[in-house]
Amino acid sequence: MSRLLSDAQLATHLDGFSAETRELILALRDLVLDAAPGVAEAIRYNALNYFLDGVCLGCIGGNVCIIDCRRGRVQLGFMHGAGLPDPADLLQGRGKHQRDMPPTSVGSVRTPALRRLIESAHAAAFGRASGASGASSA
């Protein structure tokens with residue numbers, strides 16, 4: 015069974031964001047929870063982290079994705095995103111491992127390409143957890 019934030023924890027985390035930002039974060043959260051069943055959810059590093067619970071290094075080793083908002087800009091981050099298939103070219107970044115997708119609207123979240131990206135990150139996390147090849151590791 016997945017471990018999710020309580021309604022109160024989520025509300026506290028979202029407090030202070032604009033209504034538009036909250037709506038975008040919640041749309042991303044709904045998509046992640048639907049596309050990556052069984053993930054654990056926690057607030058780490060001031061962001062919503064989605065990961066495989068019980069994996070070595072938790073929200074880092076088992077990371078599926080992160081929903082972060084800095085300076086008013088929402089980002090969907092993938093710690094191990096460099097190894098993910100991205101035929102729609104949604105991801106940005108040049109780091110060794112990390113990639114981000116900056117959604118601009120709720121509509122930009124509700125796309126099959128983004129869902130497939132999250133599903134790929136979820137599968138890659140299972141691959142890392144089992145020692146199989148998946149997305150690049152940290």
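Count along the sequence shown from 1, then add 14; that gives the number in the numbering used here.
We put the CB at the ideal spot given by N, CA and C, even for glycine.
These figures come from a predicted structure and were not determined experimentally.
Original post:
Is the segment 103-115 in contact with the segment 82-93, if contact means three or more CB pairs nearer than 8 Å?
Top reply: Touching, per the Cβ criterion.
Original post:
Touch check for the segment 55-71 and the segment 127-143: three-plus C-beta pairs under 8 Å?
Top reply: Yes, they touch.
Original post:
If you compare alpha carbons, which of S144, Q23 and T35 is closest to R85?
Top reply: On the sequence shown, position 71 is the one that residue 85 refers to. Residue T35 is the option with its Cα nearest to R85.
**OP:** Per DSSP, which residues does D82 bridge with? Please list them.
**Re:** Translated into positions along the sequence shown, residue 82 becomes position 68. Paired residue(s): Q89.
Original post:
For F65, which of helix, strand or coil comes out of DSSP?
Top reply: Position 51 of the sequence shown, counted from the first residue, corresponds to residue 65. It is a strand residue.
Original post:
With which residues is Q23 paired in a DSSP beta bridge?
Top reply: Within the sequence shown, the letter at position 9 stands for residue 23. Note: Q23 sits in no beta bridge, so no partner.
Original post:
From L42 to D48, what distance separates their C-alpha atoms?
Top reply: In the sequence shown, the residue the question calls residue 42 occupies position 28. In the sequence shown, the residue the question calls residue 48 occupies position 34. Between L42 and D48, the C-alpha separation is close to 10 Å.
**OP:** Could you check which residue in V78, D21 and P51 has the C-alpha nearest to that of L40?
**Re:** Reading the sequence shown from its first residue, position 26 is the one you call residue 40. Shortest Cα-Cα distance from L40 to any of V78, D21 and P51 involves D21.
Original post:
Near A61, which residues of its chain fall below 8 Å by C-beta distance, leaving aside the five closest residues on each side in sequence?
Top reply: As a working note, residue 61 is residue 47 in the sequence shown. Taking C-beta separations shorter than 8 Å and ignoring five residues to either side along the sequence, the partners of A61 in its chain run I80, I81, D82, C83 and G91, following chain order.
**OP:** Would you kindly work out how many angstroms separate the C-alpha atoms of L19 and V53, rounded to a whole number?
**Re:** Taking the first residue of the sequence shown as position 1, residue 19 is located at position 5. Taking the first residue of the sequence shown as position 1, residue 53 is located at position 39. The C-alpha of V53 is placed about 11 Å away from the C-alpha of L19.
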